[in-house]
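Read the structure below first, then the notes.
In this note's numbering, the protein residues as written are 10 to 365.
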């Protein structure tokens, strides 16, 4: 009995040792597998990190190359801008000299005076007035294909709004938009341009071309039927084109009643003062007229004339509130040539006109 029990114990011990050996072998195999798996994982991770590092290096190299290209282009632009600025400064000096002699040539050699005026309007004048104390810049709009797109491209509020926002980013602060002419004509693009200017956040004003063939009061009522300015809008403007009246002031004085009739009626309807636009001689006439001298004045003479005052046919220097300095102005990003204007005051003073 004792021998059988001892034999059983020995068998149990032997089996236990065998099982322990098997467990040890299994653990060793398992450990080896885990080690191999970890080694493989680390190798994959290392390769991934290497690929990321190489990719980052490639990106950095590409960015550095792009930066060098941009720097080169920037240097070229700076050099080109310097050349343009010199050309503009030279053109401004020429325009100023022409402005000094043009009033005298107007009477003695009118054809030469007109040729000089046209030549100055095509000079590469600066986008702002020469010198550091220029006022806010604006444009005027009529039948406007603003962005130079093909004629058959539909003119939409969105198109004009996008172009005006682009101009605003380039420093344009205000726009005067043609509304009417005479007693029957309404600019077909007025509604689009007017809405687009409002959406673009540019100060806007409407203008009327005065006809000397019909009643001034009737023309004023026609304009006010088309546009009633909001409190945030600039005053209404009436334009007297140089070719629409005799160039002699005596002849204009005989027709001034139509302008005065228009001004009285439109100011009664809108309850606001009107801006009067015309050639320098007209500005000189307005400054001396007791009925019109309180109105803001706008000279439509082309070219920059060297300051805020002009010598008209009367020989008197006259201050103008607005001034057109180019009929062929250009803004980066637009192919359309623009009529560029400047307000002879600050932006705050321009904004204050909305409540005038």
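Just so you know, even glycine gets a beta-carbon here, dropped at the ideal spot from N, CA and C.
N- and C-terminal bounds of the beta strand (DSSP E) containing residue i
{"i": "residue 149", "result": "146-150"}
{"i": "residue 287", "result": "284-287"}
{"i": "residue 246", "result": "246-248"}
{"i": "residue 187", "result": "181-190"}
Rounded Cβ spacing between residue i and residue j (contact assumed at less than 8 Å)
{"i": "residue 190", "j": "residue 224", "result": "With 8 Å as the limit, residue 190 and residue 224 do not qualify as a contact, their Cβ atoms being about 14 Å apart."}
{"i": "residue 199", "j": "residue 235", "result": "7 Å"}
{"i": "residue 213", "j": "residue 186", "result": "6 Å"}
{"i": "residue 183", "j": "residue 245", "result": "Residue 183 to residue 245, Cβ: 14 Å. No contact."}
{"i": "residue 238", "j": "residue 215", "result": "7 Å"}
{"i": "residue 228", "j": "residue 271", "result": "5 Å"}
{"i": "residue 285", "j": "residue 301", "result": "7 Å"}
Counted within 10 angstroms of its Cβ, other Cβ atoms place residue i as buried (16 or more) or exposed
{"i": "residue 145", "result": "buried"}
{"i": "residue 357", "result": "exposed"}
{"i": "residue 188", "result": "buried"}
{"i": "residue 266", "result": "exposed"}
{"i": "residue 349", "result": "buried"}
{"i": "residue 287", "result": "buried"}
{"i": "residue 201", "result": "buried"}
{"i": "residue 333", "result": "buried"}
{"i": "residue 306", "result": "buried"}
{"i": "residue 164", "result": "buried"}
{"i": "residue 72", "result": "exposed"}
{"i": "residue 62", "result": "exposed"}
{"i": "residue 352", "result": "buried"}
{"i": "residue 87", "result": "exposed"}
{"i": "residue 179", "result": "exposed"}
{"i": "residue 196", "result": "buried"}
{"i": "residue 217", "result": "buried"}
{"i": "residue 139", "result": "For residue 139, the pLDDT reaches just 37, beneath the cut-off of 50, and the residue's location in the model is therefore unreliable, although a value from the coordinates is still provided. By the neighbour-count rule (16 or more Cβ atoms within 10 Å), residue 139 is buried."}
Residue from the options whose Cα sits closest to the Cα of residue i
{"i": "residue 299", "options": "228, 269, 274, 176", "result": "269"}
{"i": "residue 250", "options": "242, 291, 267, 231", "result": "291"}
{"i": "residue 181", "options": "195, 164, 148", "result": "148"}
{"i": "residue 275", "options": "67, 293, 304, 201", "result": "304"}
{"i": "residue 354", "options": "329, 348, 73", "result": "329"}
{"i": "residue 166", "options": "241, 203, 194, 228", "result": "203"}
{"i": "residue 294", "options": "273, 271, 263", "result": "263"}
{"i": "residue 232", "options": "297, 240, 248", "result": "248"}
{"i": "residue 273", "options": "76, 226, 78", "result": "226"}
{"i": "residue 360", "options": "46, 346, 240, 301", "result": "240"}
{"i": "residue 280", "options": "47, 296, 346, 363", "result": "363"}
{"i": "residue 210", "options": "43, 347, 176", "result": "176"}
{"i": "residue 347", "options": "172, 230, 193, 278", "result": "172"}
{"i": "residue 277", "options": "296, 297, 230", "result": "230"}
Extent of the continuous alpha helix (DSSP H) to which residue i belongs
{"i": "residue 351", "result": "Residue 351 -> not in any alpha helix (DSSP H); beta strand (DSSP E) instead, spanning 347-352."}
{"i": "residue 236", "result": "Residue 236 -> no alpha helix (DSSP H), and no H or E assigned at all."}
{"i": "residue 221", "result": "Careful: residue 221 lies outside any alpha helix (DSSP H) and carries neither H nor E."}
{"i": "residue 360", "result": "356-361"}
{"i": "residue 200", "result": "199-209"}
{"i": "residue 178", "result": "166-178"}
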